[in-house]
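Novice:
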Amino acid sequence: MKRITWILTAASAFLLGWLFAPGADAQPPADTARFDQIVRNDFFAGFLGDKKALDRAMQIAEQTLAANPNHPEALAWHGAGLFARSGESFRAQDYAKGQELWTQAIAEMDRAVLLAPDQVGVRIPRGAPLLMVSRFVPEDRKKELLDRAKADYLHAYKLQERSFEKLSLHSQGELLLGIADALDRTEGFEQARPWIERASSLGDKVYAGAAKRWLETGTLDPMSRTCKGCHVEGR
4 MKRITWILTA ASAFLLGWLF APGADAQPPA DTARFDQIVR NDFFAGFLGD KKALDRAMQI
64 AEQTLAANPN HPEALAWHGA GLFARSGESF RAQDYAKGQE LWTQAIAEMD RAVLLAPDQV
124 GVRIPRGAPL LMVSRFVPED RKKELLDRAK ADYLHAYKLQ ERSFEKLSLH SQGELLLGIA
184 DALDRTEGFE QARPWIERAS SLGDKVYAGA AKRWLETGTL DPMSRTCKGC HVEGR
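One point on numbering: in my numbering, the residue at position 213 of the sequence shown is 216, and numbering is uninterrupted.
(1) Hey, could you find the ends of the alpha helix (DSSP H) VAL140 is sitting in?
(2) If we call anything under 7 Å between Cβ atoms a contact, is PRO75 one with ALA119?
(3) For a test of the three-state rule: what should DSSP assign to GLU243, helix, strand or coil?
(4) With three or more C-beta pairs closer than 8 Å as the rule, is the stretch 210-228 touching the stretch 183-192?
(5) Counting only the same chain and skipping the five closest in sequence on each side, list residues whose C-beta sits under 6 Å from that of ARG114.
(6) Is it buried or exposed, ALA70, if we count other Cβ atoms within 10 angstroms and call 16 or more buried?
(7) Rounded to a whole number of angstroms, what is the C-alpha to C-alpha distance between LYS215 and GLU200?
(8) By alpha-carbon positions, which one of LEU51, GLY84, GLY130 and PHE139 ends up nearest to ASP150?
(9) Here's the rule I'm using: 16 or more other beta-carbon atoms within 10 Å means buried, otherwise exposed. How should LEU242 be labelled?
(10) Helix, strand or coil, according to DSSP, for LEU148 in the structure here?
(11) Who are the Cβ neighbours of LEU104 in its own chain at under 8 Å, not counting the five residues just before and after it?
(12) Of all the options SER204, SER203, ARG43 and ALA99, which has the alpha carbon lying nearest to the alpha carbon of ALA83?
(13) Among ILE109, ARG165, ASP53 and LEU133, which residue has its Cα nearest to the Cα of ILE182?
(14) With DSSP as the reference, label GLY84 as helix, strand or coil.
(15) For HIS158, collect the residues of the same chain with a Cβ closer than 6 Å to its Cβ; drop the 5 residues on either side in sequence, then sort them by chain order.
(16) Rounded to the nearest angstrom, what separates ILE213 and MET112 at their Cα positions?
(17) If you draw a straight line from the C-alpha of PHE139 to the C-alpha of GLN107, how long is it?
(18) Could you name the residues of the same chain whose beta carbon sits closer than 7 Å to that of PHE23, not counting the 5 residues immediately before and after it, in chain order?
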């Protein structure tokens with residue numbers, strides 16, 4: 004639980020690359036079309052430790068939800084923000100508050116996906132944090148998080164399959180290795196292999212190199228599976 008800040012930092016890097024990538028999402032409903040553009044910079048700064056920025060982003064999300072409780076992007080991003088706040092509570096050893104915020108965060112992200120299952124801008128904000136946080140929870144809680152993350156990554160790929168080559172290399176690599184990670188940890192290496200092979204053919208030595216090492220050895224350390232080259236200009 005104490006690693007939630009690192010997890011959200013890594014997840015936010017994927018979100019940043021994804022949301023700025025050409026063709027990164029199917030056209031969302033008109034009332035949600037620009038929500039991520041309004042809040043994402045403050046959310047990313049908040050995930051990196053800027054409490055004032057996180058508070059601003061959360062306030063916008065809460066105002067949006069007050070006007071429209073069924074706004075899927077606001078729910079997804081607000082849920083991610085609650086994850087960050089739960090990390091603050093756990094670090095302060097307020098475990099009851101941390102657990103309360105954790106539970107609410109997952110509930111909000113789940114509701115967002117129920118409202119807009121075919122919106123990449125909802126599936127990835129849930130799937131990226133859950134895939135990473137699943138490494139640091141007790142065994143009896145891993146499956147529920149991994150199942151959600153796997154579903155989100157696979158569905159995000161399905162939604163973008165026809166335009167996949169238009170995504171940035173960062174987004175392609177993160178999605179392919181994210182799917183591979185989820186499958187490897189739930190169904191085994193052979194189920195993950197096709198996705199690793201695809202990543203190994205990317206025109207990017209960072210992702211392709213990691214994928215080739217994975218294929219050669221049958222394993223890859225967690226830090227090499229996601230959030231690679233997140234802050235390199237142009238990715």
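The beta carbon of each residue, even a glycine, is placed where N, CA and C say it ideally should be.
Specialist: Looking at the coordinates:
(1) Neither: VAL140 is in no alpha helix (DSSP H) and is coded neither H nor E.
(2) yes
(3) The requested residue 243 does not occur in the structure, where the chain is confined to residues 4 to 238.
(4) yes
(5) LEU78
(6) exposed
(7) 8 Å
(8) GLY130
(9) Any question about residue 242 goes unanswered here, given that the chain covers just 4 to 238.
(10) helix
(11) LEU85, PHE86, ARG88, SER89 and SER92
(12) ARG43
(13) LEU133
(14) helix
(15) ARG126
(16) One point to set straight first is that residue 213 is Ala, not Ile, in the sequence displayed. The alpha-carbon atoms of ALA213 and MET112 are separated by roughly 30 Å.
(17) 18 Å
(18) With a pLDDT of 41 at PHE23, under the threshold of 50, the predicted position of this residue should be treated as unreliable, though the coordinate-derived value follows. Contacts found: none.
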